[in-house]
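In the working numbering, the protein residues as written are 30 to 199. Taking it in order: structure first as structure tokens, then the write-up.
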């Protein structure tokens, strides 16, 4: 019985360390998304400030800030979507590991106070590891937030592209 308990304790400790590392990775990816967005908005604001004074001579070169804004929007979109994909994937793995860690902790609790050494702790828990699923409401909220953020950013990019021409030529 002690070897089973020690094995569960070792797996629980290992999973706790993995969860800690994944939490750090999730926080890093979230910070990267924030920094990318801040940099993108500052860069677009610099373009907007540079074209805010209309003149007839500048109207001939409206395509320069337009192209610069378009390229930065495409680069930002690709980088942000890749980072968000990694964030969602890592967050899902973290949620699954948290569920498994909670299951292991329950098995440890049962194994600690178990009197019958014939029964294994894993047989006493009502949920198998294959049935573990994260909270669907939380996932719907995450995906909804991501979709809203992408729509807002696409709208902002379209507004900036229109402004590149309208500010210089109107």
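Just so you know, even glycine gets a beta-carbon here, dropped at the ideal spot from N, CA and C. Predicted model, so just to flag it, every value in this text is computed and none were measured.
Let's test the definition: count the other Cβ atoms within 10 Å of the Cβ of residue 136 and tell me whether it reaches 16, buried, or not, exposed. Position 107 of the chain shown holds residue 136. When all chains shown are included, residue 136 counts as buried.
For residue 195, tell me which candidate among 165, 95, 142, 132 has the shortest Cα-Cα distance. Within the chain shown, residue 195 is the residue found at index 166, counting from 1. Of the listed residues, the one whose Cα sits closest to residue 195 is 95.
In this structure, how does DSSP classify residue 37 when only helix, strand and coil are distinguished? Within the chain shown, residue 37 is the residue found at index 8, counting from 1. Residue state, collapsed to three classes: helix.
Which one of 72, 119, 163, 40 has the shortest CA to CA distance from residue 58? Against the chain shown, residue 58 aligns to sequence position 29. Cα-wise, what sits closest to residue 58 is 119.
Reduced DSSP secondary structure (H/G/I, E/B, other) of residue 90: Along the chain shown, one-based indexing puts residue 90 at 61. Of the three classes helix, strand and coil, the one that applies to residue 90 here is coil, per DSSP.
So, using beta-carbon positions, are residue 62 and residue 197 closer together than 7 angstroms? For the purposes of this step, residue 62 is identified with residue 33 of the chain shown, where counting begins at 1. For the purposes of this step, residue 197 is identified with residue 168 of the chain shown, where counting begins at 1. Against a cut-off of 7 angstroms, the Cβ pair of residue 197 and residue 62 comes out as no contact.
Whose C-beta lies closer than 8 angstroms to the C-beta of residue 116 among residues of the same chain, with five residues either side of it excluded? The sequence position of residue 116 within the chain shown is 87, counting from 1. Closer than 8 angstroms at the Cβ level, and outside the excluded window around residue 116, lie 55, 58, 59, 62.
Near residue 189, what residues of its chain come up, given a Cβ to Cβ distance below 6 angstroms and the 5 sequence neighbours on each side ignored? Counting from one through the chain shown, the residue named residue 189 turns up at place 160. Cβ-Cβ distances below 6 angstroms link residue 189 to 73, 98 in the same chain, with the five nearest sequence neighbours on each side left out; the list follows chain order.
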